[in-house]
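Novice: In our numbering, the protein residues as written are 2 to 86. Note that the Cβ used here is the ideal one computed from N, Cα and C, for glycine as well.
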């Protein structure tokens, strides 16, 4: 008999995207200046990209990607969460 623990991967991803969207929506609604959504490209002469509304999907991608990267490198022992806290 197989034992399954946890949620299915699709449910985890949908939950992560939903929570990231809620966080990004809160952040985006509190922006006072357009400069707050600029993306600075490192190692260039002050090259910046004005993200505007692209800030929302980009931020969701970064949040979900970072979360999954930590979970992937962590495995099952849960020790990688402490530096993130």
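On the DSSP bridge list, what partners appear for residue 51?
Specialist: 39
Novice: From the DSSP output, in three-state form, read off residue 16 for me.
Specialist: helix
Novice: Once DSSP output is grouped into helix, strand and coil, what is the label at residue 45?
Specialist: coil
Novice: For a test of the three-state rule: what should DSSP assign to residue 56, helix, strand or coil?
Specialist: helix
Novice: When the Cα of residue 1 is compared with those of 47, 45, 53, which residue comes out closest?
Specialist: Nothing about residue 1 can be read from this structure; the chain reaches only from 2 to 86.
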